[in-house]
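In terms of the working numbering, the sequence shown opens at residue 9 and continues consecutively.
Cβ coordinates follow ideal geometry from the N, Cα and C atoms, glycine included.
This report concerns only the one structure given below.
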Amino acid sequence: MSMRLSEVYLIARREYLENLRTKAFWIGILTFPLIITLALGVPMLLARAKEARTFAVLDHSGFLLRQIEEKQAAQDLNAAFERAAQAYRQGSPAFAELPEMLRRLALALLPLEETQRGQVLDWLAQVDLPAGAGAGLPDPTRALLEQRAELLEWRRDVSPSQLKDLGLDFAQSRYRRVEIPQGEGDAQTRLNQLVAQGDLFAYFVIGPDPVAGAQDCKYVSQNLTDTELHDWFSRLATAVVRQQRLAQVHLDPQTAHWVQAPLEFAGRRLDEGGAEQQVAFGDRARQWAPLAFVYLLWIAVFTSAQMLLNSTIEEKSSRIVEVLLSSVDAAELMAGKIAGTAASGLTVVGSWSVFISLAVAIVPGLLGGSAIAVVQIIANPFYLCSFVVYFVLGYLFYAALLVSIGSLCNSLQETQNLMMPVLVPMMVPLFAMVPVGQDPNGLLARILSFIPPFTPFVMMNRAAGPPAPWEYLATALLMVASIALATRAAARIFRIGILMTGKPPRLREIWKWLRQGEAR
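Here it is in structure tokens:
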């Protein structure tokens, strides 16, 4: 008897509307936006809400702490200059709204060459100027050097909220040095007590001769996971000590930089015409973007197929299926259920695509350039179209397997043993994601692409390669043939199993049903 498409449509429509009423459907729609929003938003909020780390420094050298603070002040002033100079060069009205000290800083340093500017910034951060500092510089620059105390006072007193409004990130908003408290016992004992009580995040001890070596230098903290403070202070201390060592051996900084400069091989890639192009951040992100799609594809396929499995078991256990089979045959019922759940899955995937489109429009105003590049890569039409195609192919293949399993069982507990042969193949593409992503056109990737249970996930993973056109065509034909075979086998099992009650059949019995179907 030929399949009646009108009956299949009615079953599919009913299945779709039933799925719309389930919590799982709406959870599926909201899961992806929620995950992306939390992944991008929570780290930003936590970073902003993070309190400044308090620390103390016990400096036995007599010079290193002072020079570290001067170096950090010079870096902060350089960031402030770059911000003000950018507004000035662009002729932006925002320049007039900047604090007076920043406007004076920009106007005083803009006429200077880069080398001179760096030297002046170092002088601005120093309490005592070396003899002859400022000689030969323009009048505004020399005036600023004389008023550097006001500039340093502004830097010290500016609040984190003001820095945020200015688009600046001074170290003092993240790390705050406190003086060592007076009291009984030696200073290190008092500091240990503060750290143990949680009143001090950490403290540094600088040895008597850090230029000679790191002997007696240490970092004490109860928090061993947050290394930002340690890394920041160590980086500044290393820079200061390196300058002192260069001065001792009478080696100028330029020569030392040249000696230490690594030999770098600039990354290049070939475009479609064979011409070399520079490798940017977006190119590297694009190479790994399919991995995110593989995760989503796996979730979408498994969730939709699981939805179909639950629906089949529920209708069988509640005897609703017997009422349905009085109007349609088993093949029409199975086809309608698969089509209806496929429509539900496509609705979920479509909602994810809409969310991505909205993110492309909104995110550029909220995040930095690297985040913008990532979002734009995710919104690549090629990736989105590939995702939809492989979702349909993967879902139809696994739906045929799960609907047949659902027809054999009366409860979800009974499906556990029968689900293992389906779940194990689904896990393999996840385990192979990184090797395939590293070599999308390698032998492993090619072999896995032609194993039907893996094909949708592996081909999605290879999208950045991309595979040769013939591989797309061959794997698509392979999936269509596999879906046809899986659906045919599922129909034979579904026809017998959907009306069975009692204990689920063994694999030997299921194999006998398939063989009997072939004999007919």
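Considering Leu66, what are the terminal residues of the beta strand (DSSP E) in which it resides?
61 to 67
Quick check: the region 422 to 438 against the region 338 to 355, are at least 3 beta-carbon pairs closer than 8 Å?
no
Closest to Gly353 by C-alpha separation, out of Val400, Asn318, Arg454, Asp337, would be which residue?
Val400
Using 10 angstroms around the beta-carbon of Cys225, count the other beta-carbons present and answer buried if the total reaches 16, otherwise exposed.
buried
In three-state DSSP terms, what is Phe209?
coil
Thr509 classed as buried or exposed, judged by whether at least 16 other C-beta atoms fall within 10 angstroms:
exposed
Please report the distance separating the alpha-carbon of Gly206 from that of His68.
24 Å
Starting from the Cα of Leu38, find the closest Cα among Ser457, Ser412, Ser359, Pro512 and give me that residue.
Ser359
Sort Pro146, Ala179, Leu110 by Cα distance to Leu159 and report the nearest one.
Leu110
Contact test: Arg21 Cβ vs the ligand ADP heavy atom, cutoff 7 Å
Looking at this structure, you won't find the ligand ADP or any other ligand, since it has none at all.
I need the straight-line Cα distance from Leu237 to Ala60, nearest angstrom please.
10 Å
Assign Gln446 to buried or exposed, taking buried as 16 or more other Cβ atoms, counted over all protein chains shown, within 10 Å of its Cβ.
exposed
Within 10 angstroms of the Cβ of Gln223, are there 16 or more other Cβ atoms? Answer buried if so, exposed if not.
exposed
Determine the DSSP secondary structure at Glu272, reduced to helix, strand or coil.
coil
Do you know offhand how far Leu5's Cα is from Leu493's?
Because residue 5 is not part of the residues shown, which for the chain are 9 to 528, the question remains open.
Could you tell me whether the Cβ atoms of Gly402 and Pro464 are closer together than 8 Å?
yes
Keeping to the same chain, check which residues put their C-beta closer than 6 Å to that of Asn449; ignore five residues upstream and five downstream.
Gly473
Let's see if you can read the secondary structure: which residues bound the beta strand (DSSP E) around Lys226?
226 to 229
Start and end of the beta strand (DSSP E) containing Arg8?
Outside the displayed range of the chain (9 to 528) lies residue 8, so it cannot be described from this structure.
Roughly how many angstroms separate the alpha carbons of Gln134 and Phe363, rounded to a whole number?
52 Å
Which residue wins for smallest C-alpha separation from Ala114, given the options Ala210, Val331, Arg91?
Arg91
Are there 16 or more other CB atoms within 10 angstroms of the CB of Val411, so buried, or fewer, so exposed?
buried
Compute the distance between the beta-carbons of Ile44 and Leu244, then report whether it is under 8 Å.
no
So, under 8 Å CB-CB, Leu486 and Pro460 are touching, yes? Tell me the CB distance rounded to an integer number of Å.
6 Å
Here's the rule I'm using: 16 or more other beta-carbon atoms within 10 Å means buried, otherwise exposed. How should Lys324 be labelled?
buried
Backbone CA spacing between Val213 and Gln124 [nearest angstrom]:
34 Å
Straight-line gap, Pro168 to Gly144 (C-alpha atoms, nearest Å):
36 Å
How is the alpha helix (DSSP H) around Arg327 delimited, first residue to last?
No alpha helix (DSSP H) contains Arg327, which DSSP labels as neither H nor E.
Between which two residues does the alpha helix (DSSP H) carrying Gln127 extend?
122 to 132
Excluding the 5 residues flanking Ile321 on each side, which residues of the same chain have their C-beta closer than 8 Å to its C-beta?
Gly414, Cys417, Asn418, Ser419, Leu420, Thr423
Run through DSSP, which three-state label would Gln314 get?
helix
Cβ shell of Glu154 (< 7 Å), same chain only, five flanking positions each side left out
none
Same chain, Cβ closer than 8 Å to Asn200, neighbours up to 5 away in sequence not counted:
Val228
Gly348: which of Ser365, Ile328, Leu316 sits nearest, CA to CA?
Leu316
With which residues is Arg500 paired in a DSSP beta bridge?
In DSSP, Arg500 forms no bridge with anything.
Take Asp5 as the anchor and find which of Phe502, Gly49, Ala88 has the nearest alpha-carbon.
Past the boundaries of the shown model lies residue 5; the chain is included only from 9 to 528, so the question cannot be answered.
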